[in-house]
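Reading through the structure tokens given below for one structure.
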Amino acid sequence: MADETEKPSATVAPLRKAVPCPICRRPSSREHYPFCSNRCRDVDLNRWLSGSYAIPVADDETKADEDDR
Ligand SMILES: [Zn+2]
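So that you can map any letter, position 45 of the sequence shown is 167 in our numbering, and since no number is skipped, the others follow by simple counting.
See below:
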């Protein structure tokens with residue numbers, strides 16, 4: 123009857139465990155892993171250097187330690 127319901131997800135690009143490029147979200151290439159290209163790797167590096175990356179501070183560990191007492 124309703125053959126338009128639930129289609130197999132085979133239509134979507136197969137998601138292997140490949141990590142998408144963190145810069146442009148394209149599939150990463152083996153050569154520039156985890157980025158898709160040298161360019162994106164540079165972009166990432168520049169982000170680090172310019173400090174626009176929000177680096178999570180591991181304050182939680184110390185908190186958990188106090189909590190344990
Ligand atoms: Zn990219």
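All C-beta atoms in this analysis are idealised placements derived from N, C-alpha and C, irrespective of residue type, glycine included.
Looking at C-alpha atoms only, which residue of R152, R163, E153 is the closest neighbour of C146? As a working mapping, residue 146 is identified with position 24 in the sequence shown. Cα-wise, what sits closest to C146 is R163.
>> Nearer than 8 Å: is that true of the beta carbon of R148 relative to any heavy atom of ligand 1?
In response: By one-based count along the sequence shown, residue 148 stands at place 26. Correct: R148 has its Cβ closer than 8 Å to ligand 1.
Have a look at G173 and V165 and give me their C-alpha separation to the nearest angstrom.
What you label residue 173 is simply residue 51 of the sequence shown in a count that begins at 1. What you label residue 165 is simply residue 43 of the sequence shown in a count that begins at 1. Roughly 12 Å separates the two Cα atoms.
Q) Can you round the beta-carbon distance between P142 and S150 to whole angstroms, since I take them to be within the 8 Å contact cut? A) What you label residue 142 is simply residue 20 of the sequence shown in a count that begins at 1. What you label residue 150 is simply residue 28 of the sequence shown in a count that begins at 1. With a Cβ gap of about 6 Å, P142 and S150 count as contacting.
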